[in-house]
Every structure is written in structure tokens, then in C-alpha cells.
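Per the numbering used here, the sequence shown starts with residue 8, numbered consecutively.
No residue lacks a Cβ here, since even glycine has one placed at the ideal position from N, Cα and C.
Nothing here was measured: the structure is a model prediction, and the numbers come from that model.
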Amino acid sequence: MSAGKNPSRIAAGLKAAVHNPRVSEEAKESATERLQQMGAEAETTQETATQTGQLLNSFTDQN
């Protein structure tokens, strides 16, 4: 992992890639493998999904 990078933010980005319908299956598999190497799960919880939705809504409201 890159020095100076926050592992939880890297995991969040990988999880986002896994659940993004615009990401190729190959990229999703790669992200899932990297998450497993990090010891994180690719599955999201309802709470995480709710928080993500709230963040996206606040972002789109600002623009």
C-alpha cells in the first residue's frame, strides 16, 4: 500500500468500485481480491449504504 494513504479510505474506494455498475467485472474482481488482502469485506451494510446515499445527496444539493 502507498505510504501516506489512509487504508480505510482505500478500502472505501475499492468497495465503491465493487458496487458500481459502470465498473467492469474484471475490475470488480481485482478490487474484491485487494479488499480480501487488506482483510476487509466487499459487502456493504445497510448503514453504510444509507450514509453513502446521504453523502451523495448532500453533494448533489451543493452543485
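Under the criterion of beta carbons closer than 8 Å, Thr39 and Val30 do not qualify as touching, at roughly 11 Å. Taken atom to atom, the span from the alpha-carbon of Met45 to that of Asp68 is near 34 Å. For Leu42 and Leu21, the gap between their C-alpha atoms comes out near 7 Å.
A direct Cα-to-Cα measurement between Pro14 and Glu36 gives close to 19 Å. Apart from sequence neighbours up to five positions away, the residues of its chain that approach Ala47 with a beta-carbon distance below 7 Å are Ala18, ordered along the chain.
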